[in-house]
Amino acid sequence: MELFYFIYFFVALVQAPFIAWGRGCSGYLLFMACSMLCPIVGPLLWAWLVTPCPGPQAVQFCLAIHVFALGITLVALP
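Position one of the sequence shown corresponds to residue 3 (the numbering used here), numbered consecutively onward.
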């Protein structure tokens, strides 16, 4: 389980500048906290409700990053 959170931390770290832009340092930290406390659902809610770009595009980007990370994880882990 720790490996999942370690990998998921880097997934959230990669998508945070794109999803939490325009919110400053506190928005970035809040997005990371939201992502780690509620994986997958937290970033999707943030993308839909908080991000300044259009909601559907942000959700699509968030889902694409998660699917890409899942593919990388399944390939990298035996």
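Think of the CB as a built atom: it goes at the ideal place given N, C-alpha and C, for glycine as much as any other residue.
Using a Cβ distance threshold of 7 Å, residue 10 and residue 41 count as a contacting pair. Under the three-state reduction of DSSP, residue 75 is assigned to helix.
When C-alpha distances from residue 4 are compared across 51, 31 and 38, the shortest belongs to 38. By the Cβ neighbour-count rule, residue 27 is exposed, with fewer than 16 other Cβ atoms within 10 Å of its own.
Excluding five sequence positions before and after residue 50, the CB atoms of its chain that fall closer than 6 Å to its own CB belong to 57 and 61, given in chain order. If you draw a straight line from the Cα of residue 54 to the Cα of residue 47, it comes to about 13 Å.
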